[in-house]
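Reviewing the structure listed below.
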Amino acid sequence: MRTLRFTADPLHPESEASRQSIARCAEILRGGGTVAFPTETVYGLGAHALDANAVAKIFVAKQRPSWDPLIVHLGEERMLGLLVSEIPENARRLIAIFWPGPLTLLLPRKREVPDLVTAGLPRVGVRMPAHPIAHALLREAGIPVAAPSANSFGRISPTRADHVAEDLDGRIDAILDGGETTHGVESTVVLVTDDESVIYRPGVITLEQIRAVCTGSVSAREFSESSGRAGQPLPSPGMDHRHYAPRARLILVGGNGETQKSDFGEAARRAEEAGEAVGLMLPDAFQSAVIGRTARVFRWGRWDDEEELAHRLFAGLRWLDAAGVTAIVCPLPPGRGVAVAIRDRLMRAARQ
Ligand code: TXA
Ligand code: MG
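Residue numbers (numbering that gives the first Met the number 0): 0 to 351.
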């Protein structure tokens, strides 16, 4: 299949050129086709959420296993009524504050939602993206759009249209290029009820922010080496597998302060001595630790600016992969906020 390329300008979504691109892509979605489009987190691969045949095309294109459920994207809040049978008070509060934005709510599904979307689970994931192009596309399409990240299954999420093309060119109907995405890590996924809420995937909206809004208990399901091992129940299936992974082996360096910097330098040295072609995710503050190393370097950005680190994370991993390195050495940003999401993605990516 030939993948069509369209362009829309997020600063001018109302321009004639943007509107034409958006209109064509909306038409493809309504007709049961697949379109990759930018959101404020990462690019998504969309299809008509209430059309099981259309949704099936996403799984084929991504080579995604059918046990992994999809998030449904909405352009208008009233569309929730098509998908969910009940909206707890806590969910209403979160919606009022964080939508449109990078927050996915898991809510009781209606029967009309195809099983393929929810992987047969009792809840459906829903979110309203804030990105101007995503927003315009969803409103123009007038349908709920199921969209996972637009990468091959298990690989690094795309933050640019070129990343999408690397994985999916020739496998999907269209790519809508709206430039780089804003945040660079995926939405926070939270299961909400009125007594208890659980964050299944950390993201830009933090545990603290959700706690400030919800009544009842709010907890986070931390990623750990043991989660999702055989025999354990998987309340949110896609969370427990190797994910976001570069082809190169990923070597993570934890800790903080000067010790983390010297450990980072040491890890780079050891990998080089072991004969690896080494790539570095190198924050500005770590440069002095790797003087004299021959590694390929991705300038990650300012170590004290988590937003920037999140924004450039996936692009850096993809870039080093493309450069042909066999091992990537990467420090884990300590701290709270979006650093939690960055650590989560890196730890999943490093998992064998
Ligand atoms: O920021 C994002 O959320 C991006 C953009 C495109 O919106 N989308 C995204 O989708 O990251 P995806 O498919 O890569 O990750 C969705 C994950 C699933 O793997 C699963 O763990 C969880 O969200 N999820 C979705 N629907 C669920 C459901 N009904 N029950 C439990 N978990 C669900
Ligand atoms: Mg994904």
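Even glycine gets a Cβ: it sits at the ideal position worked out from N, Cα and C.
Rounded distance between the beta-carbons of residue j and residue i, thought under 8 angstroms
| i | j | result |
| --- | --- | --- |
| A247 | I327 | 5 angstroms |
| V184 | L312 | 7 angstroms |
| A35 | L251 | So it is not a contact: roughly 29 angstroms between Cβ atoms. |
| K260 | F297 | With a Cβ gap of about 17 angstroms, K260 and F297 do not count as contacting. |
| A22 | E139 | 6 angstroms |
| F152 | Q19 | With a Cβ gap of about 32 angstroms, F152 and Q19 do not count as contacting. |
| I341 | Y243 | That pair is no contact at about 11 angstroms. |
| P157 | A146 | 12 angstroms between Cβ atoms; not a contact. |
| G291 | V324 | With 8 angstroms as the limit, G291 and V324 do not qualify as a contact, their Cβ atoms being about 18 angstroms apart. |
Outcome for residue i when other beta-carbon atoms lying within 10 angstroms are tallied against a minimum of 16
| i | result |
| --- | --- |
| S225 | Caution is warranted here: a pLDDT of 48 is assigned to S225, below 50, making its placement in the model unreliable, and the coordinate value is therefore given only provisionally. Exposed is the call here. |
| N52 | exposed |
| W299 | buried |
| L82 | buried |
| A229 | Bear in mind that the predicted position of A229 carries a pLDDT of just 39, short of 50, making it too unreliable to give a figure here. |
| N255 | exposed |
| E39 | buried |
| P64 | exposed |
| S196 | buried |
| T391 | Residue 391 lies beyond the range of the chain shown here (0 to 351); nothing can be said about it. |
| D303 | exposed |
| M0 | exposed |
| D360 | This structure does not reach residue 360, given that the chain is present from 0 up to 351, and the question cannot be answered. |
| S287 | exposed |
| S14 | exposed |
| V339 | buried |
| R108 | buried |
Short Cβ contact (8 angstroms threshold) for residue i with residue j
| i | j | result |
| --- | --- | --- |
| P101 | T33 | no |
| E111 | L73 | no |
| L104 | V41 | no |
| H130 | P201 | no |
| L331 | L319 | no |
| A211 | I198 | no |
| I132 | L175 | yes |
| V144 | G45 | yes |
| E88 | D194 | no |
| L249 | A314 | no |
Three-pair Cβ contact test at 8 angstroms for the region 10-23 versus the region 89-103: Not touching, per the Cβ criterion.
Exercise for review: Determine, using beta-carbon pairs with one atom in the region 265-272 and one in the region 335-342, whether at least three such pairs fall under 8 angstroms.
Suggested key: A contact between stretches requires three or more CB pairs, one per stretch, nearer than 8 angstroms, and the region 265-272 fails this requirement with the region 335-342.
- request: Determine, using beta-carbon pairs with one atom in the region 26-41 and one in the region 78-94, whether at least three such pairs fall under 8 angstroms.
  value: As far as the Cβ criterion goes, the region 26-41 does not touch the region 78-94, which means the pair count is below three.
**Item:** Three CB pairs or more closer than 8 angstroms across the region 113-133 and the region 63-77
**Value:** At 8 angstroms Cβ cutoff, the stretches touch.
Q.
For the region 206-217 against the region 120-129, do three or more pairs of beta-carbon atoms, one drawn from each stretch, fall closer than 8 angstroms, so that the two count as touching?
A. Verdict: no, contact absent.
request  = For the region 173-180 and the region 293-309, state whether three or more C-beta atom pairs, one from each stretch, are separated by less than 8 angstroms.
outcome  = At 8 angstroms Cβ cutoff, the stretches do not touch.
* Asked: Counting only runs that start and end within the region 141-227, where is the alpha helix (DSSP H) found for 4 or more residues in a row?
  -> If we require 4 residues or more, the alpha helix (DSSP H) runs fully inside the region 141-227 come out as 160-167, 206-210.
Q. Where are the beta strand (DSSP E) runs, 3 residues long or more, that stay fully inside the region 259-324, in chain order?
A. Taking only runs of at least 3 residues, the beta strand (DSSP E) segments lying wholly in the region 259-324 are 277-282, 295-300.
### Message
My parser needs the beta strand (DSSP E) runs of 3 or more residues fully inside the region 51-123; what are they?
### Response
DSSP runs (the beta strand (DSSP E)) wholly in the region 51-123: 70-72, 102-107.
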